[in-house]
Structures are given as structure tokens and as C-alpha cells.
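So the structure is just underneath, and the comments pick up after that.
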Amino acid sequence: DTEVTQTPKHLVMGMTNKKSLKCEQHMGHRAMYWYKQKAKKPPELMFVYSYEKLSINESVPSRFSPECPNSSLLNLHLHALQPEDSALYLCASSPTLAQNYNEQFFGPGTRLTVL
Amino acid sequence: AQSVAQPEDQVNVAEGNPLTVKCTYSVSGNPYLFWYVQYPNRGLQFLLKYITGDNLVKGSYGFEAEFNKSQTSFHLKKPSALVSDSALYFCAVRDMGQAGTALIFGKGTTLSVSS
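Top to bottom, those sequences are chains V and F.
The first sequence: position 30 = 25 (our numbering), numbered continuously.
Offset between the second sequence (1-based) and our numbering: plus 491.
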């Protein structure tokens, strides 16, 4: 199984809602990533987990809260978002964070709209 | 600091003609270089990478890229373009000597292949 899955595909939420994005992979990868992507722009790294520990946090606002419950699963909890947070949220995984030569495998993304 | 430049926002080519999407990079050490493709409303798909060795790298869907150390370039090429190649292409780099760092993306180049 060489796939990264993400749910839901689409999410519309109000600024006072709490929601979560889910990402799963069964490739045995120990590095997992959250990216935010605006239309026709490159992905912007948000968080990286390595062996279920948060390794990189790119100064993301606290209204985004990542969680890595186990080696296959990555969540992104959302609370009190702003309209400018509307974007495609991409999850990715790679065998390890330290091995820079490995490519990342991306999921299809969750299209988030904040009203 | 690491960086990637994709000098063209858009490349237009007729079906059957060769295509080139340009990428130049800057790293303090030696680079690992990657190309990804993104179709509308999808995640990124890995095309190919340069780690070491042969400067000409072959990848998925008939794409190839040539690593040129003196020109710090890693241009993506295909001998005969297909309409289905129309998509957004990202070049990315990691510094070989800096384990555990983020993947740095270029701004992206939109490839449009006309029939």
C-alpha cells in the first residue's frame, strides 16, 4: 500500500467551529508532514512529526493543533479559524525525516473553506 | 540558505513537441533535487529525483531531468508532450549535509499542452 489517505475531502466550517483533519498511511513511514497550500502556490510546511514526536513547527498559529496518535495516523485539529485559513491542506509521509534523499508521498488533500 | 527558482510562471507547448520546465537551486552543500507534479484539486505526485551519480535522471510518465552542477540547474524535460501533461510542476531541494530539514519548493510552473 503506497497511499496516503486524507479525510474529509472537503470541509466547510464557521469561525467558531472545532473540526479535525485526518491523515493515514500504512507504508511504515516514520515522518509525517502537514502542509497548507493556496491556489497555484507551493505547499507551505506547517508541522513535521518524526517517530511520533513533533520535530518541526513552522510558527503556525495555535488555532492549528497537530497530533500524531501512532505511527500511521496524523491529525490536525482546527479551532477558531479565520477566512484566510481557507486552503488545501496536504498531508505527506516519508520513511524518515533524517534521510534527506527520500521523496515525500502526498495525500490528495482536504479542501477547507472557513466562512 | 536553501532556495529554488522556477523562472517561468507558465510554459506553453504544442502536443508532440519537446518540453522543458526550468529549475535552478541554491544550497550551501550538495543538493538532493526533486520534481513533483500537481493536477487540479489533487495532491502532489513525485516524478523523479537526483541523489548522486548519473546526471540524467529518468522518472515517471516519460519525464527526465538533467542535473548540472556548474549551472546549479535541474531542468525537467520530456521528448514529446501530451495534453494530459498539463499541470502544475514544482521543483524542490534539500541540502545533503543538513539532515532533518524541510523540503524547499520553487514557486511552481504551469505547463499547458495544446492539441
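Beta carbons: idealized from backbone N, C-alpha and C, even for Gly.
Simplified DSSP assignment, three categories, for residue i
{"i": "GLU39(V)", "result": "strand"}
{"i": "ASP545(F)", "result": "coil"}
{"i": "PRO498(F)", "result": "coil"}
{"i": "PRO522(F)", "result": "strand"}
{"i": "SER60(V)", "result": "strand"}
{"i": "GLU79(V)", "result": "helix"}
{"i": "SER517(F)", "result": "strand"}
{"i": "TYR46(V)", "result": "coil"}
Where residue i falls, given that 16 or more other Cβ within 10 Å makes a residue buried
{"i": "ASN521(F)", "result": "exposed"}
{"i": "ASN95(V)", "result": "buried"}
{"i": "TYR527(F)", "result": "buried"}
{"i": "THR11(V)", "result": "exposed"}
{"i": "SER88(V)", "result": "buried"}
{"i": "VAL7(V)", "result": "exposed"}
{"i": "GLY488(F)", "result": "Summary: the structure shown does not reach residue 488(F), with chain F confined to residues 492 through 606, and so no result is reported for it."}
7 Å CB neighbourhood of residue i in its chain, flanking five on each side removed
{"i": "SER606(F)", "result": "GLU506, VAL574"}
{"i": "HIS24(V)", "result": "SER88, SER89, PRO90"}
Cutoff 8 Å; reference residue i; Cβ partners in own chain excluding five residues on either side
{"i": "GLU113(V)", "result": "Missing from the structure shown is residue 113(V); chain V here goes from -4 to 110 and no further."}
Chain-ordered chain B contacts of residue i [CB-CB under 8 Å]
{"i": "TYR523(F)", "result": "Among the protein chains of the structure shown, namely V and F, there is no chain B."}
is_contact[residue i, chain V] using C-beta, thresh 8 Å
{"i": "LYS560(F)", "result": "no"}
{"i": "ALA590(F)", "result": "yes"}
{"i": "PHE581(F)", "result": "yes"}
{"i": "PHE565(F)", "result": "no"}
{"i": "LEU602(F)", "result": "no"}
{"i": "LYS598(F)", "result": "yes"}
Residue-chain proximity (residue i, chain F), Cβ-Cβ < 8 Å
{"i": "PHE59(V)", "result": "no"}
{"i": "PRO103(V)", "result": "yes"}
{"i": "GLN15(V)", "result": "Checking the sequence, you will find Ser at residue 15(V) rather than Gln. False, the Cβ-Cβ gap to chain F never drops below 8 Å."}
Query raised in the report: On the three-pair Cβ rule with 8 Å, is the stretch 0 to 9 of chain V touching the stretch 37 to 48 of chain V?
Result: No, because fewer than three Cβ pairs between the stretch 0 to 9 of chain V and the stretch 37 to 48 of chain V fall closer than 8 Å, the two stretches do not touch.
Query raised in the report: When the Cβ atoms of the stretch 512 to 527 of chain F are set against those of the stretch 571 to 591 of chain F, are three or more pairs found closer than 8 Å?
Result: yes
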